[in-house]
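Residue numbers (the UniProt record's numbering), protein chains in the order written: chain Y, 1 to 333; chain R, 1 to 333.
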């Protein structure tokens with residue numbers, strides 16, 4: 001049995017979903033992989049809880065859900081006011097998990113690698129802007145830097161491209177990578193106008209309070225950028241063309257529907273050419289609900305389709321935890 | 001640059017397709033992975049060509065295609081009459097590739113591992129009957145034993161289950177894993193009777209001269225057995241229920257079609273319960289041509305679909321070569 005010390009950044013919905021999987025499937029990880037995860041530190045925006053002997057995840061979830069912040073947990077645990085960079089230096093851990101939205105996280109991801117820690121992340125901007133630097137650092141140090149959950153939640157498109165299909169040269173990827181825009185466009189197919197569709201998405205917790213990241217195609221653009229980095233070569237979000245769905249009208253959506261097509265926010269990823277824009281699609285790209293899909297064209301295999309959840313808490317935790325297991329198995333080797 | 005010595009068993013259509021990929025993409029492997037493959041030995045049923053300095057693959061393909069057997073190649077190369085077990089012992093190599101149909105290959109696969117060689121195979125019976133023993137041996141020795149091409153050709157369902165989705169518990173897999181039966185059933189949908197559909201498949205090179213392995217569900221059964229071993233636990237082909245398509249009538253196929261459904265040979269893989277049988281399906285399982293598909297249900301991710309080529313020469317070579325790269329990268333570590 002190997003004990004793997006985990007340092008968790010982010011304890012919102014996704015962070016707690018990860019904690020729940022670690023709690024509920026503790027025996028599964030022990031029996032299947034011979035690994036026991038010990039979460040030694042959890043940070044939210046209020047502070048960092050740190051206990052080298054391991055934090056009681058059940059209590060941590062209770063505190064966060066009842067008081068809204070980890071810093072309320074002062075009767076039993078020390079709460080530190082570290083910056084992420086400080087936390088990465090101070091806390092002894094094998095794997096750092098980042099499920100925050102911290103846009104400048106790449107700096108402390110690099111620090112984590114330099115401290116000899118593996119990194120698992122669902123946070124997109126570090127990769128969409130600094131892929132080459134981060135992956136270069138990880139490779140030089142022989143450390144896992146894993147990011148399955150950044151694209152298509154736990155649906156393993158990153159693993160598929162990064163660790164499989166190794167003999168193929170990818171020609172093109174067409175993909176629907178943002179579930180919020182799929183929801184809005186689906187509602188527009190039913191005659192609901194754009195503004196009201198967004199409000200519905202917000203009420204259901206599908207869209208954020210500020211929905212611009214989804215609606216303007218930025219989220220899909222980050223993901224398309226990451227796919228390009230993995231399938232072709234490093235690139236940054238600044239180099240790609242992004243058009244969101246803000247200008248799509250109910251009329252256009254219905255006209256497409258009358259031709260048996262649907263408008264979806266489609267990412268097209270080719271060598272040195274990435275674009276995100278609304279397109280009329282039919283067949284496998286015409287996904288619904290929280291499904292994401294990627295159609296990968298390559299020289300030997302031809303067309304490969306992978307389709308699965310692209311959003312959701314358990315579904316995102318699936319990708320984060322799979323990477324955590326993968327990192328742990330590699331660190332053992 | 002690392003040189004990886006390869007010993008190839010099988011030089012029929014698939015073996016030559018693998019050789020062609022190694023030839024045509026030599027620069028790709030060198031530039032992308034820093035690996036140069038040197039094929040030091042090729043065996044077909046006529047004999048084993050062995051040249052420690054590396055065999056000229058272009059010439060090997062020419063000889064085989066013009067004379068039908070490698071043993072004709074006596075003017076330049078030594079041809080040995082090794083058994084596979086002897087060849088595995090005599091020839092110095094890093095990776096053994098088996099693209100034969102040798103049903104007793106598991107013995108020399110084990111020998112290869114005991115000689116410290118990695119194994120890459122598209123040959124199903126060794127895994128369908130001896131998974132536990134083979135994988136146990138590979139794990140004890142820390143050697144790659146890779147078999148992507150045994151199921152769904154190069155479509156990476158094995159990599160997906162074996163190296164991704166590590167946090168999920170699989171509940172069920174529904175899959176169409178045999179392209180020949182899909183072809184026959186598709187022709188029956190067009191009114192062609194069973195016997196004639198088989199003849200057509202044979203003429204097109206889709207079915208073998210003895211089509212019973214496909215038609216009786218044995219090929220799909222081997223593959224379903226392998227999926228169970230990977231997703232759940234080791235099992236053998238003898239423990240599963242297999243029913244082929246020999247009793248399916250044109251009437252039944254047409255009746256399904258009139259309900260918007262298709263009959264396909266479907267594998268259902270659940271924990272300790274594997275069955276292969278013709279079923280009426282619609283949606284993603286209603287594949288056509290040489291597509292295979294697997295629908296994977298798991299606790300965290302929900303439903304995951306992977307669809308792609310399940311047969312074909314380049315498509316099978318895709319899986320074999322991806323595994324060869326993977327094995328080479330792991331041996332470097």
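No residue lacks a Cβ here, since even glycine has one placed at the ideal position from N, Cα and C.
### Query
Are residue 120 of chain R and residue 293 of chain R closer than 8 Å when you measure CB to CB?
In this structure, residue 293 of chain R does not lie closer than 8 Å to residue 120 of chain R by Cβ.
### Query
How is the alpha helix (DSSP H) around residue 128 of chain Y delimited, first residue to last?
125-141
#### Entry: Distance, residue 278 of chain R Cα to residue 260 of chain Y Cα
Computed Cα separation, rounded: 31 Å.
### Message
Any C-beta of chain R within less than 7 Å: which residues of the region 299-310 of chain Y qualify?
### Response
300, 301, 302, 303, 304, 305, 306, 307, 308, 309
### Query
Do you know whose CA, among Y:40, Y:44, Y:47, lies nearest residue 54 of chain Y's CA?
Y:40
### Query
Taking just the CA atoms, how far does residue 231 of chain Y sit from residue 17 of chain Y?
29 Å
### Query
Three or more beta-carbon pairs under 8 Å between the region 102-118 of chain Y and the region 80-89 of chain Y, yes or no?
yes
### Query
In chain R, what lies closer than 9 Å to residue 366 of chain Y by C-beta?
In this structure chain Y extends from 1 to 333, so residue 366 of chain Y is not present and cannot be described.
### Query
What are the partner residues of residue 273 of chain R, as DSSP defines its beta bridges?
For residue 273 of chain R, which the question treats as bridged, DSSP gives the partners R:270.
### Query
In chain Y, which residues lie less than 7 Å from residue 317 of chain R when you measure between Cβ atoms?
The contact set of residue 317 of chain R on chain Y, defined by CB atoms closer than 7 Å, consists of 300 in chain order.
### Task
Quick one: give me the first and last residue of the beta strand (DSSP E) that residue 120 of chain Y is part of.
118-121
#### Entry: Bridge partner(s) assigned by DSSP for residue 80 of chain Y
Y:48
### Message
With distance defined between alpha-carbon atoms, name the residue in R:324, R:238, R:217 nearest to residue 131 of chain R.
### Response
Of the candidates R:324, R:238, R:217, the one whose C-alpha sits nearest the C-alpha of residue 131 of chain R is R:238.
### Query
residue 167 of chain Y by DSSP, collapsed to three states: which one?
coil
### Query
What residue does the beta strand (DSSP E) around residue 72 of chain Y start on, and which one ends it?
Here residue 72 of chain Y belongs to no beta strand (DSSP E), and DSSP marks it neither H nor E.
### Query
How would you write the range of the beta strand (DSSP E) that residue 204 of chain R sits in, first residue to last?
Here residue 204 of chain R belongs to no beta strand (DSSP E), and DSSP marks it neither H nor E.
### Task
Have a look at R:2, R:222, R:210, R:249 and flag the residue whose alpha-carbon is nearest the alpha-carbon of residue 31 of chain R.
When each option's Cα is compared against that of residue 31 of chain R, the closest is R:2.
### Task
Report the neighbours of residue 174 of chain Y on chain R: residues whose CB is nearer than 9 Å to its CB, in chain order.
Result: empty, since nearest Cβ-Cβ is about 14 Å, beyond 9 Å.
### Query
How should residue 282 of chain R be labelled, buried or exposed, when 16 other C-beta atoms within 10 angstroms of its C-beta is the threshold for buried?
exposed
### Task
Check the C-beta distance from residue 276 of chain Y over to residue 263 of chain Y and give it rounded, since I have them as a contact under 8 Å.
Not really, about 13 Å apart at Cβ, beyond 8 Å.
### Task
Inspect the beta-carbon positions of residue 79 of chain Y and residue 99 of chain Y and report whether they are closer than 8 Å.
no
### Query
Shorter than 8 Å from the beta carbon of residue 223 of chain Y to some beta carbon of chain R?
Residue contact check for residue 223 of chain Y against chain R: no CB pair falls below 8 Å.
### Task
With 9 Å as the limit, tell me which residues of the region 126-156 of chain R have their beta carbon closer than that to any beta carbon of chain Y; keep them in chain order.
142, 148, 153, 154, 155, 156
### Query
Nearest to residue 273 of chain Y by CA position, among Y:300, Y:315, Y:225, is which residue?
Y:225
#### Entry: Best match in R:312, R:138, R:122 for proximity to residue 148 of chain R [C-alpha to C-alpha]
R:122
### Message
At the 8 Å Cβ level, is residue 163 of chain R part of the contact set with chain Y, yes or no?
### Response
yes
### Message
Would residue 5 of chain Y pass as an interface residue toward chain R - the criterion being a Cβ-Cβ separation below 8 Å?
### Response
no
### Query
Is the shortest distance between the beta-carbon of residue 57 of chain R and the beta-carbons of chain Y less than 8 Å?
Residue 57 of chain R has a beta carbon lying at 8 Å or more from every beta carbon in chain Y.
### Query
So which residues on chain Y does residue 325 of chain R lean against when the C-beta distance must stay under 9 Å?
166, 167
### Amino acids of chain Y, ordered along the chain, whose beta-carbon sits closer than 8 Å to that of residue 9 of chain R
Neighbours of residue 9 of chain R on chain Y: none; closest Cβ ~18 Å, over 8 Å.
### Message
So, at 6 Å on beta carbons, what are the nonlocal neighbours of residue 178 of chain R in its own chain, with the 5 sequence-adjacent residues on each side left out?
### Response
214, 219, 220, 265
#### Entry: Residue-chain proximity (residue 171 of chain R, chain Y), Cβ-Cβ < 8 Å
no
### Cut-off 8 Å between Cβ atoms - residues of its own chain near residue 117 of chain Y, not counting five sequence neighbours on either side
Once the five neighbours on either side are set aside, the close Cβ partners of residue 117 of chain Y are 7, 88, 93, 94, 95, 96, 143.
### Coil, strand or helix - residue 221 of chain R by DSSP
For residue 221 of chain R, the three-state secondary structure derived from DSSP is helix.
### Query
Along chain R, in chain order, which residues have C-beta atoms closer than 9 Å to that of residue 160 of chain Y?
156, 159, 160, 164, 306
### Message
Assuming residue 301 of chain R and residue 136 of chain Y are in contact, meaning their beta carbons sit under 8 Å apart, how far apart are those beta carbons, in whole angstroms?
### Response
The pair is not a contact, with the Cβ atoms about 31 Å apart (cut-off 8 Å).
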